[in-house]
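Student: From first to last, the protein sequence lines stand for chains Z and G. Each residue of the first sequence is one higher than the one before, counting from 1 in the working numbering. Each residue of the second sequence is one higher than the one before, counting from 10001 in the working numbering. Each residue gets a CB set at the ideal place from its N, CA and C atoms; glycine is no exception. If you're wondering where the values come from, they're calculated on a predicted model, not measured in any experiment.
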Amino acid sequence: MSFRLDTGGRFIDRSKPRSFTFNGKAMRGFEGDTLASALLGQGQMLVGRSFKYHRPRGIVASGSEEPNALMNLGRDKTFEPNARATTTELFDGLEAESQNHWPSLEFDIGELNAKLSRFLPAGFYYKMFLWPRSFWKHVYEPIIRKSAGLGRAPRHRDADHYEHFNATVDVLVVGGGIAGLQAAKAAGEAGAEVLLIEQGAHWGGRAPVDGAVIDGVPAAEWVEATVAALGAMPNVAIRARTMGAGVYDHGYALAYERLTDHAPDPSLPRHRLWRIRAGRIVTATGAIERPLSFAGNDLPGVMLASAVRDYVTNYAVAPGKCVVVVTNNDDGYRTALTVQEAGLEVVVLDARSEANGPLAEQARAAGITVRVGRGIESVKGKGKVEKVWVCDQTRDGSNPDPIKADCVAMAGGWSPVVHLWSHCGGKLSWQEDGAFFRPDPERAPNGADGAAFVLAAGAANGELETAAVLTDAYVAGARAAAEAGATGTAGAAATADVELSEPMLPVWNMPERASYALRSKAWLDYQNDVKVTDVELAAREGFESVEHTKRYTTLGMATDQGKLSNINGLAVLAGALDQEIPKVGTTTFRPPYHPISMGAIAGEARGALFQPVRQTPMYDWHDANGAHWEPVGHWRRPYAYVKPGEDVHAAVKREVLATRNSLGLLDASTLGKLVVKGPDAGKFMDMMYTNMMSTLPVGKCRYGLMCSENGFLSDDGVVARMDDDTWLCHTTTGGADRIHAHMEEWLQTEWWDWKVYVANVTEQYAQVAVVGPNARKVLEKLGGMDVSKEALPFMQWAEGAIGQFSARVFRISFSGELSYEIAVPASQGRAFWDALLEAGSEFGVTPYGTEALHIMRAEKGFIMIGDETDGTVIPQDLGLNWAISKKKEDFLGKRAQERDHMTDPLRWKLVGLETLDGSVLPDGSYAVGEGVNDNGQRVVQGRVTSTYFSPTLERGIAMGLVELGPDRMGEVIAFNRVDGTFVQAKIVDPVVFDPEGEKQNV
Amino acid sequence: MPSEIPRMKREMSRYSVFAVAREAFRDHQGWTRAWGSPEPKRKYDVIIIGAGGHGLATAYYLGKNHGIRNVAVLEKGWLGGGNTGRNTTIIRSNYLQDPSAAIYEKARSLYEDLSQDLNYNVMFSPRGVMMLAQTEHEIRGYKRTAHANALQGVATEFISPARVKQLCPIMEIRGPRYPVLGALWQPRGGTARHDAVAWGYARKCSEMGMDIIQKCEVTGVRSQGGKVVGVTTSRGDIDCDKLGVVVAGHSGHVADMAGFRLPIESVALQALVSEPIKPCMDVVVMANTVHGYMSQSDKGEMVIGGGTDGYNNYTQRGSFHHIEETVRALVETFPMISRLKMLRQWGGIVDVTGDRSPILSKTPLENCFINCGWGTGGFKAIPGSGWGMAELMATGYSPLTEAFGLDRFSEGRFIDESVAAGVAH
């Protein structure tokens, strides 16, 4: 059983005890502990259950590669599932509970799956649950789903907040071990702007634990001095608890800073996502030790050798009293020496036939038993390590001899962390000595200039000895700085004595010729329960691509993304396929390196800041006066103003009638206003619109249509000629940004030599439509410019003053009423609105919303973009041929509208629709025709595009597109309801109110 | 299309719970290969380029429905390794336009029985798909779709916000930015296990005697007198009577080899998954106003997708700001995901046409057919697409593919789904 040692612990402060709970049980640790070290310190070896077989799981690693120790942390609004105990720093009051078991961690019903594991090999679910058919949805899947997942689902809104930082640097160095420090120092000395980030809370990485000596002093001292030196450099920024999460095209990188996970503080952001643009990225991300594949290698108490010495050295935690180190390389001896020095019993099993390197000799000299040529046949114990059966590594595991032990330290060799190198396309090469993939500098991720923008350094680059790490990192740092444009010279590289070591021996099966029974208990992926035999099964069944094997067995798909399992797994696959490992290749490395919170990705943009509402100057008035809001684009517009005691429908009806009978006001400020200006503006306008706009006289307005290059109607609005070379284009509310972009696209990509400038001035003006028989009277009451019929006829505009407001007045109408649309500077919008309300009170002035607007335009048969159009409708379908210039040689959409299907007489055309019973036709209903088509679908001959109850006519009115519609006036056709019944409606003229225009032209 | 060489059917293990039990007692040593690994023959009746879902389904229905079994499916990488293995596995058929509804509903209905048909559990899970209406405009659009679906034989309904909340309790329906106003609900839509769809088809094709040839890149299309006669590959020349090009993001390249151009753009589409959590969401939700969709896999991961990248490329990666936009939208819609963590993000290259609808068509090269342009929504169509494509290749006409011909672009006969599909297919 694990326990806390009486002395030592680099990171912990024994004077600061910290209390926490695990599964409700009170426990104690120290400041500086991780949750993992604190649990081990309390003798808690069992920390979770695996995904599929619910096998007992203990802590394996000491860093972010940990696959097993996943916890539910906190509660309610600060609850987080799947947190790694190894990267969770301990604080007072931390609440943790283990996952994926019922009813308890110690007694888990799900463990039954382990007993049935022979029936549940890789991919078993593809071969089962086929009959009866309906059982998948109703029986099998619900059971499987229930047992799936790890942590609990959060149930509450997150109490914390998050933020984004943007940074632009010459050199980003990822990883704060000695390689990262050296690289950052070299780059900083050369004058580059450097950002150095480290995922953990401590600098220096493994070197202090491994006992390295740098520049003649212990590594920890060198690290401290170097961090201080970097901190003093004005061009270098360093951040701990900040992980390099991803590398993207063009030197873009993501970093994930955890600000308060170790010390909750609601006033600070919990996480910060750094969006970094770097000239060069140096990945000094170290290496991860590999487990060894022997039977029972997943029992709690079996750990990575490097993790064992981390816990002893950094946290003064002994994972057990009797430690068996099983190794295939010299590095394992460091763990043996460390645990022996801590007073624990230790035996080394070295799979190599001999071990005579300095570390092995040092171990023997220290009195440690070293047994070469040996491996582990199996580890046995009930939920923990009790006995290790030792065997000849080269044989099949027969005749093993037992050792009593409570901890096994696996040293299977090291794999460089190549994730960030690979995210953006960096390729790898296989290094035989060491048996790992390392970055291939010949096939690096390239930037826009074709040059490599990621440089790997130190262990991440496959250099595992201290001296080589420092040299490699120095070179990478200096090169990155120079390539990013720094002109200074880096100081000298740090030095270390060359460490002699003997070659490691790749061991993919332990023992080499292990039986099926042993291999079926040798685990590759601890979290997802993938065994050696699962990978072999995949190979046997033809899943030869490493991607197939991964997907078939789920190897490497767990929350650690295969950090421990991938190399071992693909070595087994290569063996099963009788192929070279590099030929089999790796799966794709994808961001993030380690999971990052959704909150951090969303950043500040939540709640009120999630798509901030665009507000017109009159927004507050609307809000205070009963506005029932409707989102339109990023705006919000009043759908109707609901008075006390009224429902929305009653409000709409009141607004329509008041406007038709006396005076209505509409906040039209959201309508797009684009200024098109320049010597070639007329030519440009003629291309953009179907109408002839170049000949529009100054002072006049014209209703214009815009089409896509495919001929479909995309927007409409009134265009006013301001002066000789200036046009003002009104667009729909939702269309303003889109049409602006559309104009810019044509100007920038096709007609870049035309002298035209487009500006979106939508927000510079507040615009009010003053509508109704008393519209002129209220304006005259306010005084100012002449708005008489003679001075300002229909479809003209003028500039002047209304009351004390300087205004641009457009005599246009979307309601069929006498109507003025008046633009005033945005800053005057609210005052102008108030003035109109005051002056209009004697006329019963009634502000109206979008629904009344829609109804009044429908009564007049005016089309609405988005209702009568849907991206498939051309102006000709809507009877708008009059707005399409016949004189122009070209406009956007002209040629498209000449294509066969566009000129087909059978196209559906706009008509009015009148139900026989006066009811309102259902929204979106289709007119049915005779029979069914070749696909068995009912034939249709038209559809409803707009349908309302008309308060003016006191019955339903509608518009629609119908095959040969205008030729079928008076005909009755059937429209469907979703319940399968039909409504009869007569085809009529779309204009049902004031067809002569007597009301608007007064 | 008679074949010169009779094909031998390959012996395959039949999958069942009994087979698994039997194998359990002999250490699973008796399982045979799921598909063969043959050397290419000199000639086939039909060659399909691309062993993704669509290519394999085409081959399968050529054999099953039309008796054409002297077929090779050529794959430059590993089968199912393109968009089939990268998508968010949503299956629905609540499309607006008749031709779309026909082919997607054909596909959806084939998915219902696909596990039994293929003797391979593709885990079709008709858990229901809802598309949220968060503007008045969306309400009208989805009501229109519901009316269209009623006449197309596609079971959908427009449901109330209360029903939305009942079906998906983790959703925040009160906004505040975009309150949920209702949803278009297709109860028999859902998800399936994407890899299994490709593997299941591959296994059956192989069993019928077809050759699935992986790591075989087509480098040229050979023709004589305006007719296709074969392909050049990294494993030599292979002749054929008919050629089907089913290569998604790389359709433009292969069409170029065959001597014609396509109205296609290739862009990256990204997706991501969270770490697995216990089941909390039993339906698929698509929110087009805020641009994001989410479901929970049987493994427990929240599977998340959004819109395409704004520029053309072939990298299978994509820009992170699209991930930000998607996650932002979904954190707003499902506040509880804020404290979940993104486990993995990835991209696929989708081939997008001008009207966002696919192309299943004859081509200017006689006996050469193309199936592409599925954009962001191909997975759900795989069985229907294969069914129609096989019919088109075997007989020259399929009602399912008729409207999706290449000529529609020159005629202006587009099939625009913008109302129903919005950002996400």
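With C-beta atoms as the reference, is Z/L705 less than 8 Å away from Z/L696?
Tutor: no
Student: Cα separation between Z/A478 and Z/P441?
Tutor: 16 Å
Student: Along the chain, where does the beta strand (DSSP E) containing Z/C391 start, and where does it finish?
Tutor: K387 to D392
Student: Closest Cβ-Cβ distance between Z/N509 and chain G: below 8 Å?
Tutor: no
Student: Does the beta-carbon distance from Z/A38 to Z/M71 come in below 8 Å?
Tutor: no
Student: Taking only the alpha-carbon atoms, compute the straight-line gap between Z/E799 and Z/G678 and give it to the nearest angstrom.
Tutor: 21 Å
Student: Bridge partners for Z/T163 per DSSP, in chain order?
Tutor: One detail in the question is off: residue 163 of chain Z reads as Glu in this sequence, not Thr. BP columns for Z/E163 point to Z/R272.
Student: Sort G/Y10061, G/W10031, G/N10065 and G/E10075 by Cα distance to G/G10050 and report the nearest one.
Tutor: G/E10075
Student: Closer than 8 Å, Cβ to Cβ, to anything on chain G: give me those residues from the segment 121-136 of chain Z, in chain order.
Tutor: Residues are counted here when their Cβ sits less than 8 Å from a Cβ of chain G; for the segment 121-136 of chain Z these are P121, F124, Y125, Y126, K127, M128, F129, L130, W131, R133 and W136, given in chain order.
Student: With H, G and I counted as helix, E and B as strand and the rest as coil, what does DSSP make of Z/R606?
Tutor: coil
Student: Who does G/E10157 pair with in a DSSP beta bridge?
Tutor: For G/E10157, which the question treats as bridged, DSSP gives the partners G/W10185.
Student: Can you find a C-beta in chain G that's less than 8 Å from the C-beta of Z/E630?
Tutor: yes
Student: Between Z/C322 and chain G, is the shortest Cβ-Cβ distance under 8 Å, so that the two count as touching?
Tutor: The Cβ of Z/C322 sits no closer than 8 Å to any Cβ of chain G.
Student: Please confirm if G/Q10345 has its CB atom under 8 Å from at least one CB of chain Z.
Tutor: Output row for G/Q10345: interface = yes.
Student: Just reading off the alpha helix (DSSP H) that Z/H730 is part of, what are its end residues?
Tutor: Careful: Z/H730 lies outside any alpha helix (DSSP H), inside the beta strand (DSSP E) at T726 to T731.
Student: Measuring alpha carbon to alpha carbon, tell me which residue in Z/Q579, Z/V346, Z/G211 and Z/A668 is nearest Z/V1007.
Tutor: No answer is possible for residue 1007 of chain Z: the residues shown for chain Z start at 1 and end at 1002.
Student: Which one or two residues does DSSP pair with Z/H628 in a beta bridge?
Tutor: Z/A640
Student: Under the three-state reduction of DSSP, which class applies to G/R10042: helix, strand or coil?
Tutor: coil
Student: By the 10 Å Cβ neighbour count, where 16 or more other Cβ atoms means buried, how is Z/E66 classified, buried or exposed?
Tutor: buried
Student: For Z/M902, go through chain G and note every residue whose CB falls closer than 7 Å to its CB, in chain order.
Tutor: G10412
Student: For the candidate residues G/T10191, G/E10011 and G/E10324, whose alpha-carbon lies nearest to that of Z/E604?
Tutor: G/E10324
Student: Say whether chain G places a C-beta atom closer than 8 Å to the C-beta of Z/A896.
Tutor: Residue contact with chain G for Z/A896: present (Cβ-Cβ distance below 8 Å to some residue of chain G).
Student: Report the partner residues of Z/Q984 according to the DSSP bridge assignment.
Tutor: Partner residues in the beta bridge of Z/Q984, as assigned by DSSP, are Z/A974.
Student: Could you tell me whether any Cβ in chain G is nearer than 8 Å to the Cβ of Z/G912?
Tutor: So no, Z/G912 is outside the interface.
Student: Have a look at Z/Y926 and Z/Q941 and give me their C-alpha separation to the nearest angstrom.
Tutor: 8 Å
Student: Where does G/V10020 fall in DSSP's three states?
Tutor: helix
Student: Are the CB atoms of G/V10290 and G/E10332 within a distance shorter than 8 Å?
Tutor: yes
Student: Can you confirm whether the segment 453-463 of chain Z touches the segment 415-423 of chain Z when touching is taken to mean that 3 or more C-beta pairs between the two stretches lie within less than 8 Å?
Tutor: They touch, by the three-pair rule.
Student: For the putative contact between Z/L570 and Z/I581, defined by C-beta atoms under 8 Å, what is the C-beta separation to the nearest angstrom?
Tutor: 6 Å
Student: Which bits of chain Z does G/S10418 rub up against, with CB to CB less than 9 Å?
Tutor: D870, G871 and T872
Student: Can you tell me the Cα-Cα spacing of Z/V675 and Z/G893, whole angstroms?
Tutor: 22 Å
Student: Chain G beta carbons: is any one of them nearer than 8 Å to that of Z/V530?
Tutor: no
Student: Under 9 Å between beta-carbons, which chain Z residues line up against G/V10073? List them in chain order, please.
Tutor: Those do not exist, as G/V10073 stays about 14 Å from chain Z at its closest Cβ, beyond 9 Å.
Student: For Z/D331, which residues from the same chain have a beta carbon less than 6 Å from its beta carbon, with the 5 sequence-adjacent residues on both sides left out?
Tutor: A411
Student: Measure how close the beta-carbons of Z/K887 and Z/M692 come, nearest whole angstrom, since I'm counting them as under 8 Å.
Tutor: 6 Å
Student: Is the CB of Z/C707 under 8 Å away from at least one CB in chain G?
Tutor: no
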